[in-house]
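According to mature numbering (1 follows the signal peptide of the UniProt record, and there is no 0), the residues represented by the sequence shown are -17 to -1, 1 to 161, in order.
In this text, a Cβ means the ideal position worked out from N, Cα and C, and glycines have one as well.
These numbers come from a predicted model, not from an experiment.
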Amino acid sequence: MILLSLLSILLPYSSMAATTTPGVDVAKTGISPKFATAYHVSDWLQYSPSQLELVIRLGERRVYVMNNARVVTSYPIAIGRNGWETPIGHYQVIQMIEDPTWEHPLNGDIIPPGRDNPLGSHWIGFWTDGTNYIGFHGTPNEETVGQAVSHGCVRMFNRDVLALFNKVQLGTPVIVEP
């Protein structure tokens, strides 16, 4: 009980997430994990959530991890292709899923967590219209990183999305620039 109270103070956006079971909850990508899901709590966060932000520069195909307006690190990314552009604007991390399950948006096929999952090992959602979702995720096709090939999502090397997952938390600002 005390832990839950402490978490609600430390993670003011925790009410935006719900606990899930790996392999049961479904992420419909390119544009989705459909459901709000479990958040990752790290007792060893290196940055204050109020100082950390992610800046995606679509033209550079990079995401920058910023702390107090200084670049901490950056990672190469794949972005949305023509007709499925990654949305420009100011957002925040609203979902974090480790070992996501994916549902194909066109035929409904379910892909469980694992090496063949198009989301890779981690999902960090930052945009939704209530039906579709966009976020950072890994990929089994790492050769696509650096290209405009997704349905709006931000693809990363699996090792990079894991590193990013361990740096951010719910509520971390995400700024998408042209």
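In terms of residue numbering, what span does the alpha helix (DSSP H) encompassing residue i cover?
i	result
residue 76	Here residue 76 belongs to no alpha helix (DSSP H), and DSSP marks it neither H nor E.
Which stretch, first to last residue, makes up the beta strand (DSSP E) that contains residue i?
i	result
residue 153	Run containing residue 153: none; DSSP gives neither H nor E here.
residue 84	84 to 86
residue 59	53 to 59
residue 50	45 to 50
residue 40	35 to 40
Cβ atoms of residue j and residue i: under 8 Å apart, would you say?
i	j	result
residue 116	residue 108	yes
residue 157	residue 48	no
residue 66	residue 161	no
residue 62	residue 69	yes
residue 35	residue 50	yes
residue 122	residue 101	yes
residue 120	residue 106	yes
residue 96	residue 112	no
If contacts are defined as beta-carbon pairs under 8 Å, then residue i and residue j qualify, I think. What distance do you get, rounded to the angstrom?
i	j	result
residue 128	residue 139	6 Å
residue 78	residue 135	Residue 78 to residue 135, Cβ: 15 Å. No contact.
residue 137	residue 39	6 Å
Give me, in chain order, the residues of the same chain whose beta-carbon lies closer than 8 Å to that of residue i; leave out the 5 immediate sequence neighbours on both sides.
i	result
residue 54	47 and 48
residue 71	41, 159, 160 and 161
residue 99	123
residue 155	32, 35, 36, 37, 75 and 76
If you drop the 5 nearest sequence neighbours on each side, which residues of the same chain put their C-beta closer than 7 Å to that of residue i?
i	result
residue 59	44, 45, 128 and 129
residue 91	none
residue 146	none
residue 64	131, 132 and 133
Once you ignore the five residues that flank residue i on each side, which residues in its own chain have a CB closer than 6 Å to its CB?
i	result
residue 73	158
residue 142	none
residue 151	76
residue 94	85 and 100
Exercise. Of all the beta strand (DSSP E) runs that stay within the bounds of the region 106 to 141, which reach a length of 3 or more residues?
Worked result: Correct list: 116 to 120 and 131 to 133.
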